[in-house]
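What follows is a set of notes on a single structure, which appears directly below.
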Amino acid sequence: MIKVAEIPVGPIDPINIGNQEAAIVGSSGAIFTAADRQIIKQRVGEINPEHDFIDVMREGTLAPDVEDVENEESNATPQHTPVELKGRRRDHRHMLKHSTIYGTRERVEITNALPDNYEEGQAPPPQPPAEMTAAAELTAETVLMAKELKFNPTELFNKLAIEQDQLHYLISRIKELHLQRLLAETKDDFYKITERIRLESLTGINKEARLWLEAQLDKLTLGAAEYKHSLLQSLQKMEFDQDRHKDLEWLAKTIEFYSAK
Numbered sequence: 001m002i003k004v005a006e007i008p009v010g011p012i013d014p015i016n017i018g019n020q021e022a023a024i025v026g027s028s029g030a031i032f033t034a035a036d037r038q039i040i041k042q043r044v045g046e047i048n049p050e051h052d053f054i055d056v057m058r059e060g061t062l063a064p065d066v067e068d069v070e071n072e073e074s075n076a077t078p079q080h081t082p083v084e085l086k087g088r089r090r091d092h093r094h095m096l097k098h099s100t101i102y103g104t105r106e107r108v109e110i111t112n113a114l115p116d117n118y119e120e121g122q123a124p125p126p127q128p129p130a131e132m133t134a135a136a137e138l139t140a141e142t143v144l145m146a147k148e149l150k151f152n153p154t155e156l157f158n159k160l161a162i163e164q165d166q167l168h169y170l171i172s173r174i175k176e177l178h179l180q181r182l183l184a185e186t187k188d189d190f191y192k193i194t195e196r197i198r199l200e201s202l203t204g205i206n207k208e209a210r211l212w213l214e215a216q217l218d219k220l221t222l223g224a225a226e227y228k229h230s231l232l233q234s235l236q237k238m239e240f241d242q243d244r245h246k247d248l249e250w251l252a253k254t255i256e257f258y259s260a261k
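Here's what the structure looks like:
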């Protein structure tokens, strides 16, 4: 009987185990020591003989843990949902757009203009001084009152070559007295206010301007008399205020007088 020499089995290093050592361990049923088992546990973790490879893949225990990194765009871990990733991307773009380090990222408009025609941006128009603004407002008010009195604004400014504030005061004073005349209840009050308008308006202006303004005041007086006469006639037809026949007479004479001028 020939005796076959046994292959000596040396100590197995579980850290650097190779194919040959693994075959020897599997064939000889080598038993690891407690120190060997501790090293294997540190390397591969606990071994559960009841779990197969499919269970391990489902649990994801073989997937390496991904640590967070500082780069905001590449910080994507399996635990982040698509909604969270979209939100982080939107926040990152907002941060870049409004950052002081980067320039504005507006949409570029492509035109056919030559380089010489490019403009960097027009500055806002300079605001007029406060004096010019006040003068413009004063002129607008003067024009409005002149139209209410049925004066031609262009002729008014051309004929009366006086300061703007003086012209504004003159027209506003004529308007004020004219309204008082429309409300006059007696013949004396009507003519007193008419004479007052003439005195305050025709003083201190040249001859040409005086003639033009006097004609405008006569038209204004005629209009006031016609208005009051028409109003009284309407009241008479409505059988209201019947004792105004004398007022109708002097108003009719006033209309006749100023119509003939």
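Read left to right, the sequence shown gives residues 1 to 261 (the UniProt record's numbering). A virtual CB, placed ideally from N, CA and C, is assigned to each residue, including glycine.
Start and end residues, alpha helix (DSSP H) containing residue i
i      : result
Ala209 : 207-237
Gly87  : 82-97
Thr154 : 153-159
Asp247 : 245-259
Thr186 : No alpha helix (DSSP H) holds Thr186; DSSP gives it neither H nor E.
Minimum C-alpha distance to residue i - residue among the options
i      : options                        : result
Thr194 : Gln236, Ala35, Leu220          : Leu220
Asn259 : Arg244, Gln216, Ser234         : Here the sequence assigns Ser to residue 259, which means Asn is not the residue at that position. Among Arg244, Gln216, Ser234, the Cα nearest to that of Ser259 belongs to Gln216.
Ser172 : Phe151, Asn158, Thr33, Asp36   : Phe151
Lys245 : Leu232, Thr254, Arg89, Glu256  : Going by the sequence as given, residue 245 is His instead of Lys. For the residues Leu232, Thr254, Arg89, Glu256, the minimum Cα distance to His245 belongs to Leu232.
Lys159 : Asp189, Trp212, Thr133, Phe190 : Trp212
Leu222 : Leu85, Phe257, Asp188          : Phe257
Ala134 : Glu155, Pro82, His168          : His168
Phe177 : Ala224, Lys253, Pro82          : Looking at the sequence itself, residue 177 is Leu, so the reference to Phe does not match. Considering only alpha carbons, the answer is Ala224.
Trp250 : Thr186, Leu202, Leu199, Ser234 : Thr186
Leu202 : Leu248, Lys97, Leu170          : Leu170
Glu214 : Leu156, Arg37, Glu239, His92   : Leu156
Tyr191 : Glu239, Lys237, Ile255         : Ile255
Leu199 : Asp189, Ile174, Asp188         : Ile174
Any non-hydrogen atom of the ligand NAP closer than 7 Å to residue i Cβ
i      : result
Thr154 : Summarising the ligand content, the structure contains no ligands, and the ligand NAP is consequently not present.
Beta carbon proximity, residue i to chain C, threshold 8 Å
i      : result
Glu163 : In the structure shown, chain C does not exist; there is a single protein chain.
Q. Quick one: any contact between the segment 140-147 and the segment 195-208, if contact means 3 or more CB pairs under 8 Å?
A. no
Q) Does the segment 164-172 touch the segment 133-143, meaning 3 or more C-beta pairs lie closer than 8 Å? A) yes
(Q) I'd like to know if the segment 214-233 and the segment 178-195 are in contact, where contact means that at least 3 CB-CB pairs between them fall below 8 Å. (A) yes
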